[in-house]
Amino acid sequence: MGRFHRHDDGTVHTHDHDDAPHTHEHDHGDHSGYDTGTQRIDVLESIFAENDIRAGYNREAFERNGVRALNLMSSPGSGKTTILEATLDELAGEFAVGVIEGDIATDLDAAKLGGRGAQISLLNTGNGFGGECHLDAPMVNRALQGLDLGTLDLVIIENVGNLVCPAEFDVGEHAKAMVYSVTEGDDKPLKYPVMFRAVDVVLLNKIDLVPYLDVDVDTYIARVREVNPTATVLPVSARTGAGMPAWFGWLRRFVAG
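Mind the numbering: the sequence shown is residues 1 to 257 in full-length UniProt numbering, read in order.
What follows is the structure, given as structure tokens:
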């Protein structure tokens with residue numbers, strides 16, 4: 001196997017031992033190059049700084065047009081698109097809604113949302129954005145070109161299905177929401193705290209399946225509150241409509257500011 005070495009002058013080489021026992025001794029020099037903590041922090045700060053500048057541009061565009069923006073996140077299969085379908089049906093005729101539909105590939109979810117009275121702008125991260133597992137501010141800025149912001153009241157950004165990365169990127173939204181399904185297990189807030197900690201509201205979805213899964217909704221809610229004591233937690237079922245009026249009410253208050 002090869003070993004990767006980085007030297008103080010920036011040169012890099014591998015050290016090949018051909019998988020043989022490494023019994024001989026020799027000097028490899030200064031190994032301080034392995035200490036990359038400071039270098040890594042600097043790179044991340046630089047990346048997020050540029051993203052945050054673009055997020056500011058997006059936020060200014062929303063506010064200039066009197067639009068409220070919501071970043072909707074979840075892991076794949078939690079029911080995010082189904083909840084969004086019900087939401088568009090409920091708000092049709094009441095608010096002018098635009099949706100930025102983020103996916104790595106395909107227009108399958110965008111097609112489900114079509115014909116529900118909303119403007120839809122599809123953004124595939126596999127098309128010129130490296131197939132990223134999240135949306136960032138420049139991507140959202142690109143997608144905004146597909147919406148007529150001046151005619152809208154609300155923009156919902158349906159992020160790429162992922163339980164970690166989307167929460168790390170400010171895209172110019174005014175609030176973050178997430179969908180969390182009871183089928184994912186009650187341990188997810190503790191195992192993946194970044195997203196749960198970042199959001200303003202959690203929709204605990206698929207509660208109609210509770211009798212078949214032998215799960216306790218109170219435990220799910222307690223785990224969310226352990227990570228984020230201030231988040232609004234709404235048990236819902238997008239399939240049956242249970243609890244959805246509470247979500248619609250939250251959205252109406254959000255749009256009203």
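Where a beta carbon is used, it is the ideal one built from N, C-alpha and C, also for glycine.
According to DSSP, is residue i helix, strand or coil?
i	result
I104	coil
A246	helix
T232	strand
N58	helix
G172	coil
G241	coil
E132	coil
L251	helix
G185	coil
A114	Going by the sequence as given, residue 114 is Gly instead of Ala. Correct three-state label for G114: coil.
D148	coil
N51	helix
G33	Residue confidence is low: G33 scores 47 on pLDDT, short of 50, so the model does not pin down where it sits. Its coordinate-derived value is still stated next. G33 falls in the helix class under three-state DSSP.
Who are the near neighbours of residue i in its chain, counting only those whose CB is closer than 7 Å to its CB and skipping five residues on each side?
i	result
A256	none
G114	I120
D103	D109, N124, V160
D89	R116
V194	V164, A167, E168
Y192	L163, V164
For residue i, report the span of its beta strand (DSSP E) as first-last.
i	result
T125	Neither: T125 is in no beta strand (DSSP E) and is coded neither H nor E.
V202	201 to 205
Y180	175 to 181
V155	154 to 158
Spatial neighbours of residue i within its chain, please: C-beta separation below 8 Å, excluding the five flanking residues on both sides.
i	result
R225	A231, V233
L190	R223, E226, V227
D136	N51, R54, F169, V171
G243	I207, L234, P235, V236, S237
L147	G98, I100, Q119, S121, V155
E85	K112, L113, R116, A238
P21	A caution first: P21 carries a pLDDT of 44, below 50, which makes its placement in the model unreliable, though a value can still be read off. Around P21: no qualifying Cβ.
Would you give the residue range spanned by the alpha helix (DSSP H) that residue i belongs to?
i	result
R197	193 to 198
A69	Taken as a continuous stretch (DSSP letters only), A69 belongs to no alpha helix (DSSP H), being part of the beta strand (DSSP E) at 68 to 74.
L84	80 to 91
V217	217 to 227
L213	210 to 213
A167	Premise fails: A167 is in no alpha helix (DSSP H) and is neither H nor E.
N141	137 to 143
Leaving out the 5 sequence neighbours to the left and right, which residues in its chain are closer than 6 Å to residue i when beta-carbon positions are compared?
i	result
I221	V233
When DSSP builds the beta bridges, which residues end up paired with residue i?
i	result
V97	L154
I120	V99
Within 8 Å of any Cβ in chain B, is that where the Cβ of residue i sits?
i	result
A231	Among the chains in the structure shown there is no chain B, since it carries only a single protein chain.
If we count Cβ pairs, one from each stretch, closer than 8 Å, do we get three or more for the region 64 to 78 versus the region 120 to 127?
Counting Cβ pairs under 8 Å, fewer than three are found: no touch.
If we count Cβ pairs, one from each stretch, closer than 8 Å, do we get three or more for the region 147 to 161 versus the region 183 to 198?
No contact exists between the region 147 to 161 and the region 183 to 198.
Taking 8 Å as the threshold, find out whether the region 137 to 147 comes into contact with the region 105 to 112 through three or more Cβ pairs.
Proximity of the region 137 to 147 to the region 105 to 112 falls short of the contact definition, fewer than three beta-carbon pairs being nearer than 8 Å.
Would you be able to state if there are at least three C-beta pairs under 8 Å between the region 194 to 209 and the region 163 to 171?
With a cut-off of 8 Å on Cβ pairs, the region 163 to 171 is in contact with the region 194 to 209, counting three or more such pairs.
At a cut of 8 Å, does the region 207 to 215 reach the region 53 to 62 through at least three beta carbon pairs?
Result no; under three Cβ-Cβ pairs closer than 8 Å.
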